[in-house]
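Right, one structure below, let's go through it.
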Amino acid sequence: AQTIHQWPVAEIKAVGSPLSLGCTIKGKSSPNLYWYWQATGGTLQQLFYSITVGQVESVVQLNLSASRPKDDQFILSTEKLLLSHSGFYLCAWSLRGDEQYFGPGTRLTVL
Amino acid sequence: QQKVQQSPESLTVSEGAMASLNCTFSDGTSDNFRWYRQHSGKGLEMLVSIFSDGEKEEGRFTAHLNRASLHVSLHIREPQPSDSAVYLCAVNTGGLSGKLTFGEGTQVTVIS
């Protein structure tokens, strides 16, 4: 069975500090991968998607970047956090744009 | 650009009564329409995905799609307190890339 794991579960960071959030999917070969962000009380927005290793498309510009170094791994990062980056980050996978299955999420608080 | 709006913002229902949620969208040519739910601080759980006009049932959850009226609804049969969550409508606007556009959600509270 496929599993999706996100790390860390929660993070508290200072403004201007770097960030790296990770997501791994086990049990599926060559999935589409997605990063979503949800500001507190806000609407869920897709940030990035990746159809294959090494290729990432940006959907919304938030001064974040994403990379897919391995087939089963998706990384979200920035070198300098902003207060506006606070929120809930969700990773998801699908097979060729079909139903998307979401991970448990990472709660980020920027102070 | 696809716009997705949900109503009501919040809904309180008694255990065992039917709960009905609504979602309107601006572009009826999208591939498919989905309902997810999110318990507080958790990830999203997929409930129903519907592609064609009409009805689709998954357990106690039934979605109705009417592309002509740009409307998709979700009905929860015999809701239980554990069904209390935010319910999100999502429209697939990205084809193979799978871009989903979400509504703002409906907070459902089920009371005993």
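Each protein sequence line maps, in turn, to chains A and B.
By my numbering, the letter at position 84 of the first sequence is numbered 73, and the numbering carries on one by one without gaps.
Numbers in my numbering are just positions in the second sequence, counted from 1, shifted up by 452.
All C-beta atoms in this analysis are idealised placements derived from N, C-alpha and C, irrespective of residue type, glycine included.
In this text the structure is predicted, and so the values were computed from the model without any measurement.
Can you list, in chain order, the residues of its chain whose CB lies under 7 Å from that of residue i, leaving out five sequence neighbours each side?
i: Lys59 (chain A); result: Val42
i: Lys15 (chain A); result: Gln(-9), Thr(-8) and Asp61
i: Gln454 (chain B); result: Phe477, Ser478, Asp479, Ser482, Val543, Thr545 and Thr553
i: Leu72 (chain A); result: Val4 and Val99
i: Ser9 (chain A); result: Ile64 and Ser66
i: Met498 (chain B); result: Arg486 and Tyr488
i: Ser564 (chain B); result: Glu467 and Pro533
i: Val562 (chain B); result: Val465, Glu467, Pro531, Gln532, Pro533, Asp535 and Ser536
i: Ile40 (chain A); result: Asn21
i: Cys550 (chain B); result: Note on identity: in this sequence residue 550 (chain B) is Gly, with Cys being the wrong assignment. Around Gly550 (chain B): Asn544.
i: Ser54 (chain A); result: Ser66 and Thr67
i: Thr13 (chain A); result: His(-6), Asp61 and Gln62
Residues of chain B with CB closer than 9 Å to the CB of residue i, please, in chain order.
i: Glu0 (chain A); result: Near Glu0 (chain A) there are no residues of chain B at all, since even the closest Cβ is about 14 Å away, more than 9 Å.
i: Arg96 (chain A); result: Gly493
i: Val111 (chain A); result: Because chain A is modelled from -10 through 100, residue 111 (chain A) falls outside the range shown and cannot be assessed.
i: Gln35 (chain A); result: Gly546, Gly550, Lys551, Leu552, Thr553 and Phe554
Check the Cβ of residue i against every Cβ in chain A and list those closer than 7 Å, keeping chain order.
i: Glu507 (chain B); result: Chain A residues near Glu507 (chain B): none, gap ~18 Å exceeds 7 Å.
i: Asp455 (chain B); result: First, the amino acid is wrong: residue 455 (chain B) is Lys here, not Asp. Ordered by position in chain A, no residue passes the 7 Å Cβ test against Lys455 (chain B), which lies about 11 Å from the chain.
i: Glu556 (chain B); result: Thr32
i: Ser521 (chain B); result: Under the 7 Å cutoff, chain A gives no residues; its nearest Cβ is about 23 Å from Ser521 (chain B).
i: Leu540 (chain B); result: Leu33
Using C-beta distances below 6 Å, list every residue in its chain close to residue i, excluding the 5 sequence neighbours before and after it, in chain order.
i: Glu473 (chain B); result: Residue identity differs from the one stated: residue 473 (chain B) is Leu in this sequence, not Glu. If we look at Leu473 (chain B) and ignore the five residues flanking it on each side, its Cβ neighbours are Leu526, Tyr539 and Thr558.
i: Phe91 (chain A); result: Leu79 and Ala81
i: Ser459 (chain B); result: Asn474
i: Ser83 (chain A); result: Asn21 and Gln89
i: Ala520 (chain B); result: none
i: Gly26 (chain A); result: Reading off the sequence shown, one finds Trp at residue 26 (chain A), where the question assumed Gly. Only Gln34, Leu36, Gly76 and Tyr78 meet the Cβ criterion.
Would you mind reading off the limits of the beta strand (DSSP E) that contains residue i?
i: Leu97 (chain A); result: Thr95 to Val99
i: Leu501 (chain B); result: Correcting the residue type first, residue 501 (chain B) is Ser in the shown sequence and not Leu. Run containing Ser501 (chain B): Leu496 to Ile502, per the beta strand (DSSP E) assignment.
i: Leu51 (chain A); result: Counting along the chain, Leu51 (chain A) falls outside any beta strand (DSSP E), and DSSP gives it neither H nor E.
i: Asn518 (chain B); result: Phe513 to Asn518
i: Gln(-5) (chain A); result: Thr(-8) to Trp(-4)
i: Thr32 (chain A); result: Run containing Thr32 (chain A): none; DSSP gives neither H nor E here.
i: His527 (chain B); result: His523 to Ile528
i: Thr476 (chain B); result: Ala471 to Phe477
i: Val538 (chain B); result: Ala537 to Asn544
i: Lys508 (chain B); result: Gly506 to Glu510
i: Gln559 (chain B); result: Thr558 to Ile563
i: Val456 (chain B); result: Val456 to Ser459
i: Gln490 (chain B); result: Phe485 to Gln490
i: Ser466 (chain B); result: Ser462 to Ser466
i: Thr553 (chain B); result: Leu552 to Phe554
Given that residue i touches chain B, what residues does it touch there, using C-beta distances under 8 Å?
i: Glu136 (chain A); result: Examination of residue 136 (chain A) is not possible in this model, given that chain A is present from -10 through 100 alone.
i: Gly92 (chain A); result: Gly495
i: Ser83 (chain A); result: Gly550
i: Leu79 (chain A); result: Gly495 and Leu496
i: Val48 (chain A); result: Lys551
In chain order, what residues of the same chain lie with their CB nearer than 8 Å to the CB of residue i, ignoring the 5 residues before and after it?
i: Ser75 (chain A); result: Ala28, Thr29, Leu97, Thr98 and Val99
i: Phe513 (chain B); result: Trp487, Leu499, Val500, Leu526, His527, Ile528 and Arg529
i: Arg57 (chain A); result: Leu22, Ser39, Thr41, Val42, Gly43, Gln44, Val45, Phe63 and Ile64
i: Ser6 (chain A); result: Lys69 and Leu70
Assuming residue i and residue j are in contact, meaning their beta carbons sit under 8 Å apart, how far apart are those beta carbons, in whole angstroms?
i: Asn52 (chain A); j: Thr67 (chain A); result: 6 Å
i: Leu517 (chain B); j: Ser501 (chain B); result: Not confirmed; about 10 Å, so no contact.
i: Val524 (chain B); j: Cys541 (chain B); result: 7 Å
i: Gly555 (chain B); j: Gln490 (chain B); result: Not confirmed; about 12 Å, so no contact.
So which residues of chain A does residue i contact, with C-beta pairs closer than 8 Å?
i: Ser501 (chain B); result: Glu88
Any beta strand (DSSP E) of 3 or more consecutive residues that is wholly inside the stretch 57 to 93 of chain A: 62 to 67 and 76 to 83
Whole runs of the beta strand (DSSP E) within the stretch -7 to 27 of chain A, excluding any shorter than 3 residues: Entirely contained in the stretch -7 to 27 of chain A, the beta strand (DSSP E) runs reaching 3 residues are, in chain order, -1 to 2, 8 to 15 and 21 to 27.
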